[in-house]
Amino acid sequence: MKSLSKYIIIGLTIFSISSAEAQYYLIGRADDVQKFINQTKYDTTARIERLAALEFHRLLNEYRKSKNLDTAEWNEIFWITCRNHSIYMIVNNDLTHSQIETMKYFSGKSPGNRLDYVQEKEKKYSWSGENALYNFSCSGRNIEEKARNIAKSSFEQWKGSPGHNANMLNAGHKEHGVAFIIDDYKVYAASLFGYENYNYASNNSSTVTEDKSATTISIKPDNKTASTLNLNALKKAMESAVLIALNKSVESQKIVQDKDLLIAAKKHTEYMAANNVTEHFQKRNKQGYFGKTTAQRIARAKGDMFWFLKNQTSANEYLCFFEINELISTEEVLISKIVEELIQNNLISQSNLNKSAVSVKIKKKKGKIFIWATLIVD
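Counting along the sequence shown from 1, when you hit position 76 you're at 66 in the numbering used here, and nothing is skipped either side.
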């Protein structure tokens, strides 16, 4: 009987922990903004997270003003979008820009998908940049001090990264939201930038009290937008920037571009773009199949007759995908973003690398640019 009681207690404990997680980690939509704000009145953790978000937004605009840039407007829709993604990252322990549908708290594969999930009824806003991080900055003697430490530490962390910093200082970003989710000292965060969709106000006059189309249509980036760029030239510039950044990130001799790794990288990038996926495993029945695993693709690129039997390789493969609005995406921003995705986010800093290859695929459709990339290092 004692043994049975023990299992009942254990079972109840597990259930209560799962229930506590489910109760706090609730992803939301636009209609839930006020509910989550009200939560801060009785939930200490929620209050710290909200105060940290607003303090970070203040620091961001202070920084933008110091660079003679317009301030970005706080956006509650973006806040919920970032809150959803931060929950996904902290629960799944995955610092990422791309969610997996089968994982807990999925709200959309890409930042654009996640924004549309939140604003399902009225798609008033579009995204133009996302930053993500985790750190251990939740420390302090009281709620306010903890919130300030989270905001300041995260601001300095993103400011110190070229790609993240470029997002914070992009003149085209008009709207902003950020959300922090904390678990003891650990913090996960997402910061989203964007703008109000063109002609939204005039096309939805029943729900907008002031026509802001005149101020939201005119976006003046610092250099040529991606819509005016030659995509082939942009592809080459992005690949070159990744290789340069890779060499700067390691302490070894210069890393050379390897022709076999390049074939494998190119084939996998083409496969991902053709099938609209971002994953390491290829499926035989899909367009552009070249080998199930990285090891098989490299072996096939080398001309190995039995490439399909290969199971292991010393090479590491890194992937990324992102979509971005072409009207406010400059060459500088796109290059910074792909370096961030492939080099900085993967913390590539080993000293024993000597070979590499990178391949980028770019597509344009309906005012958006879609970019897939594969980086292989050995």
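All residues carry an ideal CB built from backbone N, CA and C; glycine is no exception.
So, are the CB atoms of residue i and residue j less than 8 Å apart?
{"i": "L49", "j": "A137", "result": "no"}
{"i": "F170", "j": "S76", "result": "yes"}
{"i": "N306", "j": "A285", "result": "no"}
{"i": "S88", "j": "S97", "result": "no"}
{"i": "K282", "j": "D250", "result": "no"}
{"i": "V350", "j": "M228", "result": "yes"}
{"i": "N187", "j": "K113", "result": "yes"}
{"i": "G102", "j": "I70", "result": "no"}
{"i": "G150", "j": "V329", "result": "no"}
{"i": "E134", "j": "L44", "result": "no"}
{"i": "I379", "j": "D21", "result": "As shown, the chain starts at -9 and ends at 368. That puts residue 379 outside it, with no answer to give."}
{"i": "V232", "j": "I366", "result": "no"}
{"i": "N237", "j": "K244", "result": "yes"}
{"i": "N74", "j": "A62", "result": "no"}
{"i": "L287", "j": "F280", "result": "Note that residue 287 is Arg in the sequence shown, not Leu. Yes, the Cβ-Cβ distance between R287 and F280 is below 8 Å."}
{"i": "I359", "j": "I314", "result": "yes"}
{"i": "A179", "j": "L123", "result": "yes"}
{"i": "A156", "j": "V323", "result": "yes"}
{"i": "H47", "j": "V177", "result": "no"}
{"i": "N65", "j": "H166", "result": "yes"}
{"i": "K327", "j": "F311", "result": "no"}
Alpha helix (DSSP H) containing residue i: first to last residue?
{"i": "G351", "result": "For the sequence presented, residue 351 should be read as Lys rather than Gly. Segment K345 to K355 is the beta strand (DSSP E) holding K351; no alpha helix (DSSP H) there."}
{"i": "V108", "result": "P101 to V108"}
{"i": "A137", "result": "I133 to K149"}
{"i": "A285", "result": "T284 to A291"}
{"i": "I328", "result": "E321 to V329"}
{"i": "S97", "result": "S97 -> no alpha helix (DSSP H), and no H or E assigned at all."}
{"i": "R48", "result": "T34 to S56"}
Determine the DSSP secondary structure at residue i, reduced to helix, strand or coil.
{"i": "I359", "result": "strand"}
{"i": "E269", "result": "coil"}
{"i": "F372", "result": "The structure shown does not extend to residue 372, since the chain is modelled only from -9 to 368, so the question has no answer here."}
{"i": "Y308", "result": "strand"}
{"i": "T92", "result": "coil"}
{"i": "I366", "result": "strand"}
{"i": "Q24", "result": "helix"}
{"i": "Q247", "result": "strand"}
{"i": "Y190", "result": "Note on Y190: pLDDT 43, under 50, position unreliable in the model; no value is reported."}
{"i": "N83", "result": "coil"}
{"i": "H163", "result": "coil"}
{"i": "A62", "result": "coil"}
{"i": "L(-6)", "result": "Because the pLDDT of L(-6) is 45, which lies under 50, any placement of that residue in the model is unreliable, and the number read from its coordinates should be weighed accordingly. Here L(-6) sits in helix by DSSP."}
{"i": "I338", "result": "coil"}
{"i": "F371", "result": "Nothing can be reported for residue 371: it is not among the residues displayed for the chain, which extend from -9 to 368."}
{"i": "K77", "result": "The displayed chain sequence assigns Ile, not Lys, to residue 77. Of the three classes helix, strand and coil, the one that applies to I77 here is helix, per DSSP."}
{"i": "F170", "result": "strand"}
{"i": "I333", "result": "helix"}
{"i": "N222", "result": "helix"}
{"i": "G281", "result": "coil"}
{"i": "N301", "result": "coil"}
{"i": "I314", "result": "strand"}
{"i": "N237", "result": "helix"}
Output the boundary residues of the beta strand (DSSP E) element that contains residue i.
{"i": "K176", "result": "K176 to E186"}
{"i": "H154", "result": "Run containing H154: none in the beta strand (DSSP E); it sits in the alpha helix (DSSP H), P152 to M158."}
{"i": "E112", "result": "Run containing E112: none; DSSP gives neither H nor E here."}
Pull up the CB-CB distance for residue i and residue j, whole angstroms please, since I reckon it's below 8 Å.
{"i": "W362", "j": "A263", "result": "5 Å"}
{"i": "N344", "j": "V246", "result": "7 Å"}
{"i": "N125", "j": "S143", "result": "6 Å"}
{"i": "A235", "j": "T364", "result": "The pair is not a contact, with the Cβ atoms about 15 Å apart (cut-off 8 Å)."}
{"i": "S129", "j": "Y175", "result": "6 Å"}
{"i": "L221", "j": "I352", "result": "5 Å"}
Give a yes or no on contact between the region 265 to 279 and the region 328 to 347, applying the rule of three or more CB pairs nearer than 8 Å. no
With three or more C-beta pairs closer than 8 Å as the rule, is the region 25 to 36 touching the region 112 to 121? no
With contact counted as at least three CB pairs below 8 Å, one residue from each stretch, are the region 179 to 186 and the region 157 to 164 in contact? yes
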